[in-house]
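Colleague:
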Amino acid sequence: MSSSDQSAGTVQTVSETIIVIDPDILVRMVIADYLRECGYAVIEAASVEEALIVLASGRPVHVVLAEVSLHGAMDGFALAQHVRQHFTDIDVILTGSPTSTANKAHDLCDDGPLDKPYHPKEIVKRIDLLRERRRVSARPRSARQSEGLPPLKPM
Amino acid sequence: MTEAATQSAEPEPSPGRPVVLVVDDEILLRSVVAEYLRDAGIHVVEAANGREAITVLAAGEAVDVVFSDVRMPGDVSGYDLAEWVRINRPAVRVLLASGYVGAASRSRRVGDNAPTLLPKPFDYELLLQQLRGLIGRRDSA
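Chains as they are written, first to last, in the numbering used here: chain C, 59 to 213; chain Y, 23 to 163.
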């Protein structure tokens, strides 16, 4: 990845924490390094089991980024469902979904899966979008109206 | 272990920040150690087991020091990993953390190319000191 590619990502001023779950270490390390260059704190998990340990530990996590086709106790879809049920403040981004499961993925993660291959800056864009949506939804309704923002759509 | 290195020549030491490959199957410990080392200016690559560590090293990634737990699940222990490194990436230094090192030997080397042993539990500052020593030794080799 070139430095010009990395500069395309948004540099975070407030560090948010992303768990990157990918069983392929050579993929995981590239994504994790890119996200760190963009200012995120990154926890690298080789499996769903590792991610669940981190979530259960109470460490602050804002986004879970996972492969759809994970092996072990849960695949990416099941993990997304688990996070939605038990960690409502955490956004989920799934990657590598085959087209046949796209609809299912769309129901379980925010804005549908990112098809592989993808550039890491697409991940950053997706993270920014999801976190901004959280920030907007956390604002009082009156503040949104005074800013001329439309009503929020359900996520 | 008979796995052969995939690269023909040892990569040069990293020109910028030193690179440490942290290998531990306990994610909470691994991530905290990695974060501490990153805060100290080290570029850290994280591996969840010995097999992942070999994948990184065999891919030719620039690594100055491997810091690994001795006991890990799977077919590659810390000692196996150290042996693989000695054969395939001889310029890379190895620091092994073990709960079974004698208390008297705070940190010791056995022979020129043997891994350095660090008793568990370890102090992070001592770990950083050990790693910096090994990085310096590689640079001056």
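Every residue, glycine too, gets a C-beta built ideally from N, C-alpha and C.
Looking only at its own chain, which residues have a Cβ that is under 7 Å from the Cβ of Val66(Y), when we skip the five neighbours before and after it?
Modeller: Counting from 1 along the second sequence, the entry for residue 66(Y) is found at position 44. Only Val42, Val44, Ala56, Leu59, Arg60 meet the Cβ criterion.
Colleague: Which value, in whole angstroms, describes the spacing of the CA atoms of Leu50(Y) and Arg197(C)?
Modeller: The residue you call residue 50(Y) lines up with position 28 of the second sequence. The residue you call residue 197(C) lines up with position 139 of the first sequence. Using only the alpha carbons, I get a separation of about 33 Å.
Colleague: Under 8 Å Cβ-Cβ, which residues of chain C neighbour Val78(Y)?
Modeller: Numbered from its first residue, the second sequence carries residue 78(Y) at position 56. Under the 8 Å cutoff, chain C gives Ile83, Leu84, Met87.
Colleague: Using a beta-carbon distance below 9 Å, is Val67(Y) in contact with chain C?
Modeller: Translated into positions along the second sequence, residue 67(Y) becomes position 45. Val67(Y) counts as touching chain C.
Colleague: Could you tell me whether any Cβ in chain Y is nearer than 9 Å to the Cβ of Ser115(C)?
Modeller: Translated into the one-based positions of the first sequence, residue 115(C) becomes position 57. Chain Y, which has a Cβ nearer than 9 Å to the Cβ of Ser115(C), makes this yes.
Colleague: Could you tell me if Arg193(C) is buried or exposed, where buried requires 16 or more neighbouring beta carbons within 10 angstroms of its beta carbon?
Modeller: Counting from one through the first sequence, the residue named residue 193(C) turns up at place 135. When all chains shown are included, Arg193(C) counts as exposed.
Colleague: Of the residues Ala84(Y), Ala75(Y), Pro40(Y), which one's Cα is nearest the Cα of Asp97(Y)?
Modeller: Residue mapping note: residue 97(Y) aligns to position 75 of the second sequence, counting from 1. For Asp97(Y), the nearest C-alpha among the options comes from Ala75(Y).
Colleague: Check each residue of the region 99-110 of chain C: if its Cβ is closer than 7 Å to any Cβ of chain Y, include it; give the result in chain order.
Modeller: Under the 7 Å Cβ criterion, the region 99-110 of chain C contributes Ile101, Glu102, Ala103, Ala104, Glu108.
Colleague: Compute the beta-carbon to beta-carbon distance between Val100(C) and Leu93(C), rounded to the nearest angstrom, for a pair I have assumed lies under 8 Å.
Modeller: Here residue 100(C) refers to the residue found at position 42 when the first sequence is read from its first residue. Here residue 93(C) refers to the residue found at position 35 when the first sequence is read from its first residue. With a Cβ gap of about 5 Å, Val100(C) and Leu93(C) count as contacting.
Colleague: Any beta carbon of chain C sitting closer than 9 Å to that of Ile64(Y)?
Modeller: As a working note, residue 64(Y) is residue 42 in the second sequence. No, Ile64(Y) does not count as interfacial toward chain C.
Colleague: Ends of the alpha helix (DSSP H) at Thr153(C)?
Modeller: Counting from 1 along the first sequence, the entry for residue 153(C) is found at position 95. Where Thr153(C) is concerned, there is no enclosing alpha helix (DSSP H), although the beta strand (DSSP E) it sits in stretches over 149-153.
Colleague: Report the three-state DSSP secondary structure of Arg115(Y) (helix, strand or coil).
Modeller: Position 93 of the second sequence, counting from 1, holds the residue named residue 115(Y). The answer is strand: DSSP assigns Arg115(Y) an E or B state.
Colleague: How about Leu50(Y): is its C-beta nearer than 9 Å to some C-beta of chain C?
Modeller: In the second sequence, residue 50(Y) corresponds to position 28, counting from 1. Closer than 9 Å to some Cβ of chain C, the Cβ of Leu50(Y) qualifies, so yes.
Colleague: Give me the DSSP bridge partner(s) of Val119(C).
Modeller: Counted from its first residue, the first sequence places residue 119(C) at position 61. Partner(s): none; Val119(C) has no beta bridge.
Colleague: What is the C-beta distance between Val116(Y) and Ala104(Y), in whole angstroms, given that I count them as a contact (C-beta under 8 Å)?
Modeller: As a first step, residue 116(Y) must be located in the second sequence, where it is residue number 94. As a first step, residue 104(Y) must be located in the second sequence, where it is residue number 82. With 8 Å as the limit, Val116(Y) and Ala104(Y) qualify as a contact, their Cβ atoms being about 4 Å apart.
Colleague: Just to confirm before moving on: does the CB-CB distance between Leu150(Y) and Trp106(Y) stay below 9 Å?
Modeller: Residue mapping note: residue 150(Y) aligns to position 128 of the second sequence, counting from 1. Residue mapping note: residue 106(Y) aligns to position 84 of the second sequence, counting from 1. No. Outside cutoff.
Colleague: Which whole-angstrom value is the C-beta distance of Ile77(C) and Val112(C), which I expect to be below 8 Å?
Modeller: The residue given as residue 77(C) occupies position 19 in the first sequence. The residue given as residue 112(C) occupies position 54 in the first sequence. Indeed, because the Cβ distance is near 6 Å, the residues count as touching under 8 Å.
Colleague: Does the beta-carbon of Thr153(C) have 16 or more other beta-carbons within 10 angstroms, so that it is buried, or is it exposed?
Modeller: Reading the first sequence from its first residue, position 95 is the one you call residue 153(C). Thr153(C) is buried by the Cβ-count criterion.
Colleague: Measuring only the C-alpha atoms, how far is Ala125(Y) from Val92(Y)?
Modeller: One-based indexing of the second sequence puts residue 125(Y) at position 103. One-based indexing of the second sequence puts residue 92(Y) at position 70. Because the pLDDT at Ala125(Y) is just 40, under 50, the model does not fix this residue reliably, and the point stays unresolved.
Colleague: What does a CB cutoff of less than 6 Å around Gly133(Y) pick up in its chain, not counting 5 residues either side in sequence?
Modeller: The sequence position of residue 133(Y) within the second sequence is 111, counting from 1. Below a pLDDT of 50, predicted positions are generally treated as unreliable, and Gly133(Y), at 47, falls in that range; the measurement from the model is reported next regardless. Closer than 6 Å at the Cβ level, and outside the excluded window around Gly133(Y), lies no residue.
Colleague: Using a beta-carbon distance below 9 Å, is Arg94(C) in contact with chain Y?
Modeller: Position 36 of the first sequence, counted from the first residue, corresponds to residue 94(C). Chain Y contact via Cβ: present.
Colleague: Considering only DSSP beta bridges, list what Ser120(Y) is partnered with.
Modeller: Mapped onto the second sequence, residue 120(Y) falls at position 98. Looking at the DSSP assignment, Ser120(Y) forms a beta bridge with Pro141(Y).
Colleague: Determine, for Val112(C), whether the minimum Cβ-Cβ distance to residues of chain Y falls below 9 Å.
Modeller: Here residue 112(C) is taken as the residue at index 54 of the first sequence, counted from 1. Answer yes: the Cβ-Cβ gap between Val112(C) and chain Y drops below 9 Å somewhere.
Colleague: Note the first and the last residue of the continuous alpha helix (DSSP H) segment covering Glu74(Y).
Modeller: Position 52 of the second sequence, counted from the start, is the residue given in the question as residue 74(Y). Start and end: 72-80.
Colleague: Pick out whichever of Arg86(C), Asp80(C), Glu95(C), Ala90(C) has its Cα sitting closest to the Cα of Glu107(C).
Modeller: Residue numbering aside, residue 107(C) sits at position 49 when the first sequence is read from its first letter. Ranking Arg86(C), Asp80(C), Glu95(C), Ala90(C) by Cα distance to Glu107(C) puts Asp80(C) first.
Colleague: Measure the alpha-carbon distance for Arg131(Y) versus Glu68(Y) and round it to whole angstroms.
Modeller: Reading the second sequence from its first residue, position 109 is the one you call residue 131(Y). Reading the second sequence from its first residue, position 46 is the one you call residue 68(Y). With a pLDDT of only 48 at Arg131(Y), under 50, the local geometry of the prediction cannot be trusted, and no value is derived from it.
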